[in-house]
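Please read the structure below before turning to the comments.
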Amino acid sequence: MKNKRKTVIIIVVLIIPVILILSSYINFRIQKIDNKYSPDFKDGLKAAIKNKQSFYMKDLTPFEWDKMYIIPPYTSRKSMQETVGIKWTTTQTYAGYLFEKTWFGEYPLDDDRFYKLVFVKGNKVILDITLDRAAIDIDLGIKETLMPNEALFTIDKSDRHRCILRM
Numbered sequence: 000m001k002n003k004r005k006t007v008i009i010i011v012v013l014i015i016p017v018i019l020i021l022s023s024y025i026n027f028r029i030q031k032i033d034n035k036y037s038p039d040f041k042d043g044l045k046a047a048i049k050n051k052q053s054f055y056m057k058d059l060t061p062f063e064w065d066k067m068y069i070i071p072p073y074t075s076r077k078s079m080q081e082t083v084g085i086k087w088t089t090t091q092t093y094a095g096y097l098f099e100k101t102w103f104g105e106y107p108l109d110d111d112r113f114y115k116l117v118f119v120k121g122n123k124v125i126l127d128i129t130l131d132r133a134a135i136d137i138d139l140g141i142k143e144t145l146m147p148n149e150a151l152f153t154i155d156k157s158d159r160h161r162c163i164l165r166m
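For the sequence shown, numbering that gives the first Met the number 0 begins at 0 and goes up steadily by one.
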């Protein structure tokens with residue numbers, strides 16, 4: 000009887016952590032986005048800023064989207080996910096995902112220089128891009144959620160060190 004009890008305790012002690020780790024890994028795989036459009040989007044944005052006075056954001060994206068969120072500096076990961084209504088991660092490794100879950104990973108926009116653009120189609124994040132305000136600033140007075148036909152930006156090049164996107 001004692002051996003049977005020990006066996007059950009050992010199985011429970013081993014099975015519970017395995018189930019928790021497996022569940023966490025499955026969540027990582029569900030939430031992971033590949034950000035495959037990041038290089039094309041950045042190139043298109045740089046070209047638009049260099050060559051145009053205004054542009055629709057939808058013309059720069061090589062993908063379709065329903066909403067674009069402008070996430071200001073110092074926004075926590077939890078607040079971002081609440082604003083967008085979706086949990087996602089851009090990290091490509093499970094270890095990175097676990098790091099994001101700690102206090103150290105809670106503030107990816109930990110400096111006034113950084114903001115994010117998050118593009119959503121349906122219930123899926125298509126692109127999460129962090130931009131440096133020192134190069135391409137955005138007027139943070141713009142509402143934080145934009146539809147494709149609303150996202151018309153003008154380019155203010157009055158500051159010779161950076162350009163500012165305004166609506």
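Note that the Cβ used here is the ideal one computed from N, Cα and C, for glycine as well. All values reported here derive from a predicted model rather than from experimental measurement.
Cutoff 9 angstroms: residue i Cβ touching any chain B Cβ
i: lysine 142; result: Absent here is chain B; the protein component of the structure consists of one chain.
Residues bridged to residue i [DSSP beta-bridge criterion]
i: arginine 53; result: In the sequence on display, residue 53 carries serine and not arginine. Answer by DSSP bridge pairing, in chain order: Thr153.
i: isoleucine 8; result: Its beta-bridge partners do not exist; DSSP assigns none.
i: tyrosine 68; result: Val117 and Thr144
For residue i, three-class secondary structure by DSSP
i: isoleucine 163; result: strand
i: threonine 89; result: coil
i: isoleucine 32; result: coil
i: phenylalanine 62; result: coil
i: leucine 145; result: strand
i: lysine 1; result: helix
i: tyrosine 96; result: helix
i: tyrosine 73; result: coil
i: aspartate 136; result: strand
i: aspartate 158; result: coil
Environment of residue i [buried if 16+ CB atoms lie within 10 Å]
i: phenylalanine 54; result: buried
i: alanine 150; result: buried
i: methionine 146; result: exposed
i: threonine 92; result: exposed
i: threonine 89; result: buried
i: phenylalanine 103; result: exposed
i: phenylalanine 98; result: exposed
i: valine 11; result: exposed
i: lysine 115; result: buried
i: leucine 108; result: buried
i: aspartate 127; result: buried
i: valine 7; result: exposed
Host alpha helix (DSSP H) of residue i (start-end)
i: lysine 77; result: 76-83
Cβ-Cβ separation, residue j to residue i (assumed contact under 8 angstroms), whole Å
i: isoleucine 48; j: isoleucine 141; result: About 16 angstroms separates the two Cβ atoms, so there is no contact after all.
i: tyrosine 36; j: isoleucine 125; result: 7 angstroms
i: aspartate 131; j: arginine 112; result: 6 angstroms
i: lysine 120; j: glutamate 63; result: 6 angstroms
i: tyrosine 24; j: serine 75; result: 24 angstroms between Cβ atoms; not a contact.
i: arginine 161; j: isoleucine 135; result: 7 angstroms
i: leucine 59; j: leucine 44; result: 6 angstroms
i: arginine 39; j: proline 16; result: Just to set this straight, residue 39 is aspartate in the shown sequence, not arginine. Contact flag wrong, Cβ pair sits at about 41 angstroms.
i: tyrosine 96; j: phenylalanine 27; result: 4 angstroms
i: tryptophan 87; j: isoleucine 32; result: 5 angstroms
i: threonine 144; j: lysine 77; result: That belief does not hold up - the Cβ atoms of threonine 144 and lysine 77 are roughly 18 angstroms apart, past 8 angstroms.
First through last residue of the beta strand (DSSP E) which encompasses residue i
i: leucine 126; result: 123-131
i: leucine 108; result: Neither: leucine 108 is in no beta strand (DSSP E) and is coded neither H nor E.
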